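S.K.: In order, the protein sequences belong to chains D and Z.
Just so you know, we're using our numbering here: the first sequence kicks off at 51 and counts up by one.
Just so you know, we're using our numbering here: the second sequence kicks off at 24 and counts up by one.
C-beta: ideal position from N, C-alpha, C; glycine also.
Just so we're clear, the structure is a prediction, and the values are computed from it rather than from any experiment.
Structure in structure tokens, see below.
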Amino acid sequence: MSVLDWVVLVGTLLFIVVFGIYRTRGKQDMDSYLKGGYSFRWWTVGLSVMATQASAITFLSTPGEAFENGMGFVQFYLGLPLAMIVLSITFIPIYYRLKVYTAYEFLENRFDIKTRLLAAFLFLVQRGLAAGITIFAPSIILSTILGWRLSVTTLIIGVVVIIYTVSGGTKAVSQTQKQQMAVMLGGMIVAVFVILNLLPQDVSFGDAIDVAGYMGKLDIINLEFSLSDRYNIWSGIAGGFFLQLAYFGTDQSQVQRYLTGQSITQSRLGLIMNGLLKVPMQFLILMVGILVFVFYQFYQPPLFFIEKGQESVVQSEYAGQWEQLDQQHQQVFEEKRENIQALLNQIEQGDEVAVAGTRQRIMALEEETQDLKAQAREVVTQANPNNETEDADYVFLTFVMRYFPQGMVGLLLAVIFSAAMSSTASELNALGTTTTIDFYRRTIRPDASDGHYLRMSRWFILSWGIIAIIFASLASLADNLIEFVNLVGSLFYGTILGIFLTAFYIRHVRAKATFWAALVAEGIVLLLFLFFRDQIGYLWYNFIGCALMVLIGLLLQAVLSRTSNS
Amino acid sequence: MDTDNRPPLFSSWNGWYVLVASVLIFLLIFFYWLTQSYA
Numbered sequence: 051m052s053v054l055d056w057v058v059l060v061g062t063l064l065f066i067v068v069f070g071i072y073r074t075r076g077k078q079d080m081d082s083y084l085k086g087g088y089s090f091r092w093w094t095v096g097l098s099v100m101a102t103q104a105s106a107i108t109f110l111s112t113p114g115e116a117f118e119n120g121m122g123f124v125q126f127y128l129g130l131p132l133a134m135i136v137l138s139i140t141f142i143p144i145y146y147r148l149k150v151y152t153a154y155e156f157l158e159n160r161f162d163i164k165t166r167l168l169a170a171f172l173f174l175v176q177r178g179l180a181a182g183i184t185i186f187a188p189s190i191i192l193s194t195i196l197g198w199r200l201s202v203t204t205l206i207i208g209v210v211v212i213i214y215t216v217s218g219g220t221k222a223v224s225q226t227q228k229q230q231m232a233v234m235l236g237g238m239i240v241a242v243f244v245i246l247n248l249l250p251q252d253v254s255f256g257d258a259i260d261v262a263g264y265m266g267k268l269d270i271i272n273l274e275f276s277l278s279d280r281y282n283i284w285s286g287i288a289g290g291f292f293l294q295l296a297y298f299g300t301d302q303s304q305v306q307r308y309l310t311g312q313s314i315t316q317s318r319l320g321l322i323m324n325g326l327l328k329v330p331m332q333f334l335i336l337m338v339g340i341l342v343f344v345f346y347q348f349y350q351p352p353l354f355f356i357e358k359g360q361e362s363v364v365q366s367e368y369a370g371q372w373e374q375l376d377q378q379h380q381q382v383f384e385e386k387r388e389n390i391q392a393l394l395n396q397i398e399q400g401d402e403v404a405v406a407g408t409r410q411r412i413m414a415l416e417e418e419t420q421d422l423k424a425q426a427r428e429v430v431t432q433a434n435p436n437n438e439t440e441d442a443d444y445v446f447l448t449f450v451m452r453y454f455p456q457g458m459v460g461l462l463l464a465v466i467f468s469a470a471m472s473s474t475a476s477e478l479n480a481l482g483t484t485t486t487i488d489f490y491r492r493t494i495r496p497d498a499s500d501g502h503y504l505r506m507s508r509w510f511i512l513s514w515g516i517i518a519i520i521f522a523s524l525a526s527l528a529d530n531l532i533e534f535v536n537l538v539g540s541l542f543y544g545t546i547l548g549i550f551l552t553a554f555y556i557r558h559v560r561a562k563a564t565f566w567a568a569l570v571a572e573g574i575v576l577l578l579f580l581f582f583r584d585q586i587g588y589l590w591y592n593f594i595g596c597a598l599m600v601l602i603g604l605l606l607q608a609v610l611s612r613t614s615n616s
Numbered sequence: 024m025d026t027d028n029r030p031p032l033f034s035s036w037n038g039w040y041v042l043v044a045s046v047l048i049f050l051l052i053f054f055y056w057l058t059q060s061y062a
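Here is the structure:
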């Protein structure tokens, strides 16, 4: 990395953190430390909500997903705008009326302490694990590409976030997220222009879209209904709606963000902003991946995107096999490039028959490329079974490091570090708040002073930060940890959402029925996962858990009412 | 905490909700058109 890149990276990150701490300096009470003192306008609320959801993996994996599988992933977010409407109508007014610190306080108000603690406990387990992964996942990629030690990237992200989250609380988190989100969005827009500029002179944006389209990368909407499909319009709208409703409505890391709004109006507008911008933002990030894909149709891409893995093969007994694969890969690339150039000429001439024929040839060559890449992955594993083989997450950053001009590399790295910090800060802030309010204040020290709870909040946030760093450091020891954490989220969100929906909309269902329904619904979801994990896509667990919780709650309440009447 | 609950620009919050739903429908149509263009 050049000196200019270092200046841009360090300067951007330092400015955001120092500015955030400076803007939130001064004496604080519990209200301002945990809820931001109801002080923010809608744009800060909206940007804070968006920055919380956009983790570093969003900016590393999403372009890689588009590069590998096209734009279909955008369907995952189609339920989000509808969820924002429901949250604005139902959740926000109730949280504001009750003046809650956490979403789980509302559950005690509506049901009983058992239900509140159950939901708060599930949140702590799930989000506590996720906070470690939010730091670990980008750290492993950044350390591999930059050649830094994993502990260095983990500590940079973790320690900086702890400093400003502990010192400034919710206000500092929201304030820094505004800047971080500006860097993220600005950085991705700049990335689009830089990539377009890197394409060959005679290839316009329209040509790039044509290449991507004819190579099947713009198959965005999949109308076929299938439970096992990862992304289709039905799982995106129905499953995605329930997932986003659960995440934004019942996950404290999000609830805490929009409770910083000056009023119900400001919070609602913040969520509406998220509903309007989220899908286009994801589309933009996917488009970056598509443009990188198009770029690599004109310039030779590496056979395998993780340099470390490639080096370990070259130094092993498989070096000869690798060279052979690499040569074949280059030949296929050259042939494909000539055909793509021909395709663009045929499109310009309007020769549809020729276009169809050339497209077929390109697709056959693309299949050959994928086949060679699969063989390369096998060789990488043979050379060292511990080598990472899924290189999609490395595509974008490798591209940035190789081709972006000086200064821009620093900016893109600032985007990724900002994203990692913004989501981690919200998580630590929420974990500390829930531990203080739902457990410490409610069950251990109910009569302490405001100042005491403020001090304890700082200690809890610090403790969760240290746990997250330790967890992130140990994460590399377990292969399936990331998958495990994602799974835990999907398996529990539905039931938690069911509890909240029952609380909001089904007034006659009481505490006892809700608590037992939650346990039974969760049990069924876990059984379904154990026996049908290959048949049911993970998004559907959110819907199934929620539907089961509501239906069992209704049934149990009917039985309990009849028993008490008789 | 400010107790103001009125929506800006529209006479009721329903106006904002219709806007969000309309943008989603527009995006769906756009994505479908893009998909079909190269099908």
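1) Measuring only from the beta carbon, is D:Ile-516 closer than 7 Å to any heavy atom that is part of the ligand MG?
2) Any beta carbon of chain Z sitting closer than 8 Å to that of D:Met-331?
3) Could you give the C-beta distance for D:Thr-220 and D:Tyr-83, rounded to a whole number, given that I count them as a contact under 8 Å?
4) Compute the beta-carbon to beta-carbon distance between D:Gly-311 and D:Val-95, rounded to the nearest angstrom, for a pair I have assumed lies under 8 Å.
5) Note the first and the last residue of the continuous alpha helix (DSSP H) segment covering D:Leu-463.
6) Could you tell me which residues DSSP puts in a beta bridge with D:Gly-311?
7) Check distances from the C-beta atoms of the region 42 to 54 of chain Z to those of chain D and list, in chain order, the residues that come in under 8 Å.
8) Per DSSP, what kind of secondary structure is D:Ser-105 in: helix, strand or coil?
9) For the region 131 to 163 of chain D, which residues have a beta carbon sitting closer than 9 Å to at least one beta carbon of chain Z?
10) How big is the Cα-Cα spacing for D:Ser-476 and D:Met-331?
11) Buried or exposed: which applies to D:Val-53, given that a residue is buried once 16 or more other Cβ atoms fall within 10 Å of its Cβ?
12) Quick check: the Cα distance between D:Gly-370 and D:Asn-436, rounded to an integer number of angstroms?
13) Quick one: using the 10 Å Cβ neighbour count with 16 as the cut-off for buried, is D:Val-609 buried or exposed?
14) Give me the residue from D:Leu-512, D:Ile-207 and D:Phe-449 with the minimum Cα distance to D:Ile-195.
15) If we call anything under 8 Å between Cβ atoms a contact, is D:Tyr-151 one with D:Lys-85?
16) Check whether chain D comes within 8 Å of Z:Ser-9, counting only Cβ atoms and requiring the distance to be less than that.
17) Check whether the region 324 to 341 of chain D touches the region 100 to 119 of chain D, counting contact only when three or more Cβ pairs, one atom from each stretch, lie closer than 8 Å.
18) Who are the Cβ neighbours of D:Ala-470 in its own chain at under 6 Å, not counting the five residues just before and after it?
19) Could you tell me the alpha carbon to alpha carbon distance between D:Leu-63 and D:Leu-321, rounded to whole angstroms?
20) Distance check for D:Gln-227 and D:Glu-416, CA to CA, integer angstroms please.
21) Interface residues of chain Z around D:Arg-318 at Cβ under 9 Å?
22) Tell me, please, whether the CB atom of D:Leu-326 is closer than 8 Å to any CB atom in chain Z?
23) Measure how close the beta-carbons of D:Arg-318 and Z:Trp-36 come, nearest whole angstrom, since I'm counting them as under 8 Å.
24) Name the chain Z residues whose beta carbon is nearer than 7 Å to that of D:Ile-263?
25) In the structure shown, what three-state DSSP assignment does D:Phe-354 receive?
26) If you compare alpha carbons, which of D:Asp-497, D:Leu-110, D:Tyr-349 and D:Ser-303 is closest to D:Arg-387?
27) In chain order, what are the residue ranges of uninterrupted alpha helix (DSSP H) at least 4 long that sit wholly in the region 406 to 444 of chain D?
28) Could you list which residues in chain Z have their beta carbon closer than 8 Å to that of D:Leu-268, in chain order?
29) Fully enclosed by the region 512 to 591 of chain D, which alpha helix (DSSP H) runs are 4 residues long or longer?
30) Exposed or buried, what is D:Lys-328 when buried is set at 16 or more other beta-carbons lying within 10 Å of its beta-carbon?
31) Who are the Cβ neighbours of D:Tyr-503 in its own chain at under 7 Å, not counting the five residues just before and after it?
32) Taking the CB atoms as reference points, tell me whether D:Phe-354 and D:Val-124 lie closer together than 8 Å.
33) Rounded to whole angstroms, what's the CA-CA distance from D:Thr-564 to D:Phe-275? Just pull it up for me.
34) Exposed or buried, which one is D:Ser-655 when buried takes at least 16 other CB atoms within 10 Å?
35) Output, in chain order, the set of chain Z residues within a Cβ distance shorter than 7 Å of D:Ile-322.
36) Can you tell me whether D:Thr-112 is helix, strand or coil according to DSSP?
M.R.: So, from the data block:
1) As for the ligand MG, it is missing from this structure, which has no ligand bound.
2) Interface annotation, D:Met-331: not in contact with chain Z, CB-CB separation never under 8 Å.
3) Yes, D:Thr-220 and D:Tyr-83 are in contact; Cβ-Cβ is about 7 Å, under 8 Å.
4) Taking C-beta atoms under 8 Å as the contact rule, D:Gly-311 and D:Val-95 qualify, at a distance of about 5 Å.
5) 458 to 484 is the extent of the alpha helix (DSSP H) around D:Leu-463.
6) Beta-bridge annotation (DSSP): D:Gly-311 is paired with D:Phe-90.
7) Listed by position, the residues of the region 42 to 54 of chain Z near chain D (Cβ gap below 8 Å) are Leu-42, Val-43, Ala-44, Val-46, Leu-47, Leu-50, Leu-51 and Phe-54.
8) Coil, per DSSP.
9) From the region 131 to 163 of chain D, only Pro-131, Leu-132, Met-134, Ile-135, Ser-138, Ile-139, Pro-143, Tyr-146 and Lys-149 have a Cβ closer than 9 Å to chain Z.
10) The C-alpha of D:Ser-476 lies about 20 Å from the C-alpha of D:Met-331.
11) Classification of D:Val-53: exposed, given that the 10 Å Cβ count is below 16.
12) Each residue's Cα considered, the two are about 21 Å apart.
13) Residue environment analysis places D:Val-609 among the exposed positions, since fewer than 16 neighbouring C-beta atoms fall within 10 angstroms of its C-beta.
14) Taking only the C-alpha atoms, the option nearest D:Ile-195 is D:Phe-449.
15) With respect to the 8 Å criterion, D:Tyr-151 and D:Lys-85 are classified as neighbours on the basis of their beta carbons.
16) In the structure displayed, chain Z extends from 24 to 62; residue 9 of chain Z sits before or after that span and is not available.
17) Contact between the region 324 to 341 of chain D and the region 100 to 119 of chain D is present, with at least three C-beta pairs closer than 8 Å.
18) For D:Ala-470, where only same-chain residues beyond five positions count, the Cβ hits under 6 Å are Ala-106, Pro-188 and Ile-207.
19) Between D:Leu-63 and D:Leu-321, the alpha-carbon positions lie close to 26 Å from each other.
20) In a straight line, the C-alpha of D:Glu-416 is about 41 Å away from that of D:Gln-227.
21) Around D:Arg-318, the beta-carbon contacts reaching into chain Z at under 9 Å are Asn-28, Pro-30, Trp-36 and Trp-39.
22) Chain Z has a Cβ within less than 8 Å of the Cβ of D:Leu-326.
23) Confirmed, Cβ separation roughly 7 Å.
24) In the sequence under discussion, the amino acid at residue 263 of chain D is Gly, which differs from the Ile named in the question. Listed by position along chain Z, the residues whose Cβ is nearer than 7 Å to that of D:Gly-263 are Ser-60 and Tyr-61.
25) Three-state DSSP puts D:Phe-354 in coil, outside helix and strand.
26) With distances taken between Cα atoms, D:Arg-387 lies closest to D:Tyr-349.
27) Counting only runs of 4 or more, we get nothing.
28) Ordered by position in chain Z, the residues that pass the 8 Å Cβ test against D:Leu-268 are Leu-57, Thr-58, Ser-60 and Tyr-61.
29) If only complete runs of 4 or more residues are kept, the region 512 to 591 of chain D shows the alpha helix (DSSP H) at 531 to 555 and 561 to 582, in order along the chain.
30) Result: buried.
31) Closer than 7 Å at the Cβ level, and outside the excluded window around D:Tyr-503, lie Met-80, Thr-486 and Arg-491.
32) Contact flag unset, no.
33) Each residue's Cα considered, the two are about 32 Å apart.
34) Beyond the ends of chain D as shown, which are 51 and 616, falls residue 655 of chain D; an answer cannot be given.
35) Near D:Ile-322 (Cβ distances below 7 Å), the residues of chain Z are Trp-39 and Val-43.
36) The answer is helix: DSSP assigns D:Thr-112 an H, G or I state.
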